[in-house]
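So the structure is just underneath, and the comments pick up after that.
Residue numbers (my numbering), protein chains in the order written: chain A, 2 to 218; chain B, 2 to 218.
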């Protein structure tokens with residue numbers, strides 16, 4: 002029994018990492034689609050989000066089955082409950098990548114982001130792509146140095162998010178209302194994307210260290 | 002044992018309903034603070050959100066304890082896992098109410114919402130307050146007619162959310178960039194608030210009917 006259960010826990014970890022790889026791909030493609038007004042790429046992100054949702058449902062069903070059949074305790078229980086939560090978080094991260102892609106699609110053939118903010122959003126895109134990649138690495142390796150890097154990327158995303166407000170609310174802003182709306186929403190999507198990655202980083206830290214204060218922060 | 006477990010499940014349900022009552026109070030107060038630029042009310046929503054977060058942590062700890070000590074199966078297991086998820090959702094709804102209050106506080110002594118959109122946001126406020134109230138009722142009674150009403154309120158919130166875009170992007174919009182940003186964000190907060198309530202409505206429906214298709218929608 003124990004042998005089978007260990008294999009199932011390992012599989013759960015691998016599936017979470019695979020789900021994260023799709024989210025990483027989604028956010029990277031969505032940002033590229035946004036910055037280059039690439040309609041086809043935006044469409045592909047939007048279509049692929051259904052697959053991420055399906056993985057979440059499948060993962061959740063297996064977590065509930067594991068709880069019912071194995072009645073895990075202690076660390077094993079923590080792993081299963083954390084997996085349930087992390088799959089929900091990854092699903093939301095996929096949604097946010099899709100939302101970025103939807104803005105790109107909605108403004109095509111124009112680039113949604115006005116030129117004065119291209120640099121800021123290119124930095125947000127880089128930070129979010131890094132967050133996506135590091136989340137996959139963290140779920141694969143449980144290396145807490147990576148969790149720390151995700152927190153720093155999130156700080157950067159928060160700072161860039163503030164920059165977008167300073168821009169739209171500053172005296173030199175001459176964007177249209179559509180541009181103001183798009184900058185506001187996409188900035189918020191990236192900011193939330195970082196928050197969700199941090200919640201995963203803290204859950205993994207909790208699993209590794211057993212320090213529940215970290216997960217509650 | 003069974004007797005104690007039943008008591009604990011009942012307590013879990015009551016705690017979720019109590020948490021929902023706080024969220025209902027938060028969203029109602031936040032909307033009032035927004036529409037009337039009531040600084041004190043906004044501050045109270047922001048401060049009270051910490052209590053909602055604390056309830057979530059407490060509820061989650063007890064769910065994990067129940068899983069470890071009782072190893073529930075079948076319906077009992079579904080109840081505990083759903084409680085874990087619904088507490089996370091209620092916590093997010095509390096955050097969104099807080100975000101509305103933060104906008105109200107940030108613009109004080111001005112009203113954040115421009116006069117041309119007061120009617121739309123008053124309707125959003127009413128719908129969100131109703132959603133909050135109905136979520137509490139649903140968690141208390143498990144009456145699926147209430148779940149259905151939450152879906153209708155959410156449809157209305159989506160429609161009002163579209164109205165805000167039609168306004169800010171329409172030819173007669175003469176709001177400042179700050180007003181465009183605020184309308185965009187608060188509209189989004191209300192729209193998400195409705196989505197989260199629908200996810201609770203579907204989880205309760207799933208618990209009552211056992212139809213997992215509903216929860217996955």
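Positions of the beta carbon are idealized from the N, C-alpha and C atoms, including for glycine.
Problem set entry | residue 153 (chain B) in three-state terms, based on DSSP | helix
Problem set entry | residue 177 (chain B), DSSP secondary structure in three states | coil
Exercise. What does a CB cutoff of less than 8 Å around residue 196 (chain B) pick up in its chain, not counting 5 residues either side in sequence?
Worked result: 155
Problem set entry | Buried or exposed by the 16-neighbour rule on C-beta atoms within 10 Å, applied to residue 146 (chain A) | exposed
Exercise. When the cut-off is 8 Å and only beta carbons count, does residue 189 (chain A) lie next to chain B?
Worked result: yes
Problem set entry | Candidates A:41, A:119, A:192: closest to residue 153 (chain A) by CA position | A:192
For this session: Would you mind telling me which residues of chain A sit closer than 9 Å to residue 178 (chain B), beta carbon to beta carbon, in chain order?
Result: 169, 170, 171, 174, 176, 178, 181
Problem set entry | Contact under 8 Å by Cβ, residue 161 (chain A) with residue 202 (chain A) | no
Problem set entry | Chain-order list of residues whose beta-carbon lies under 6 Å from that of residue 56 (chain A) (same chain, five-residue window excluded) | 20
Exercise. Residue 81 (chain B) lies in the alpha helix (DSSP H); which residues open and close that run?
Worked result: 75-108
Problem set entry | residue 27 (chain B) vs residue 111 (chain B) beta-carbon contact at 8 Å | no
Exercise. In three-state DSSP terms, what is residue 112 (chain A)?
Worked result: coil
Problem set entry | Pair within 8 Å by beta-carbon distance, residue 65 (chain A) and residue 10 (chain A) | no
Exercise. Who are the near neighbours of residue 158 (chain B) in its chain, counting only those whose CB is closer than 8 Å to its CB and skipping five residues on each side?
Worked result: 125, 128, 129, 132, 191, 192, 194, 195
Exercise. Under a Cβ-count criterion, where at least 16 other Cβ atoms within 10 Å of its own Cβ denotes burial, should residue 61 (chain A) be classed as buried or exposed?
Worked result: buried
For this session: May I ask you to list, following chain order, the residues of the segment 64-78 of chain B that have a beta carbon less than 7 Å from some beta carbon of chain A?
Result: 65, 68, 69, 72, 74, 78
Problem set entry | Selected residue, minimal CA-CA separation from residue 134 (chain B), among B:22, B:177, B:15, B:72 | B:22
For this session: Return no unless some Cβ of chain B is closer than 8 Å to the Cβ of residue 85 (chain A).
Result: yes
For this session: Would you kindly work out how many angstroms separate the C-alpha atoms of residue 41 (chain A) and residue 30 (chain A), rounded to a whole number?
Result: 10 Å
For this session: Flag residue 101 (chain A) as yes if its beta-carbon sits less than 8 Å from any beta-carbon of chain B, otherwise no.
Result: no
Exercise. Rounded to the nearest angstrom, how far is the Cβ of residue 183 (chain A) from that of residue 114 (chain A), given a contact under 8 Å?
Worked result: 7 Å
Problem set entry | residue 51 (chain B), DSSP secondary structure in three states | helix
For this session: Compare the C-beta of residue 97 (chain B) against all C-beta atoms of chain A and say whether one is closer than 8 Å.
Result: no
For this session: Report yes or no: do the segment 72-92 of chain B and the segment 70-88 of chain A share at least 3 C-beta pairs separated by less than 8 Å?
Result: yes
Problem set entry | residue 82 (chain A) at chain B interface by Cβ criterion, 8 Å | yes
Exercise. How big is the Cα-Cα spacing for residue 186 (chain B) and residue 109 (chain A)?
Worked result: 23 Å
Exercise. Where residue 226 (chain B) and residue 163 (chain A) are concerned, what is the direct C-alpha to C-alpha distance, given to the nearest angstrom?
Worked result: Outside the shown range of chain B, which is 2 to 218, sits residue 226 (chain B), and nothing can be said about it.
For this session: Taking C-beta pairs closer than 7 Å, name the residues in chain B that residue 121 (chain A) reaches, listed in chain order.
Result: Those do not exist, as residue 121 (chain A) stays about 15 Å from chain B at its closest Cβ, beyond 7 Å.
Exercise. Interface residues of chain B around residue 186 (chain A) at Cβ under 9 Å?
Worked result: 185, 186, 189
Exercise. Where does the unbroken alpha helix (DSSP H) through residue 171 (chain B) begin, and where does it stop?
Worked result: Looking at the DSSP string, residue 171 (chain B) is not in any alpha helix (DSSP H), and its letter there is neither H nor E.
Exercise. According to DSSP, is residue 211 (chain B) helix, strand or coil?
Worked result: coil
Exercise. When the Cα atoms are used, what is the spatial distance from residue 171 (chain A) to residue 209 (chain A)?
Worked result: 44 Å
Problem set entry | Alpha-carbon to alpha-carbon, residue 166 (chain A) and residue 116 (chain A) | 15 Å
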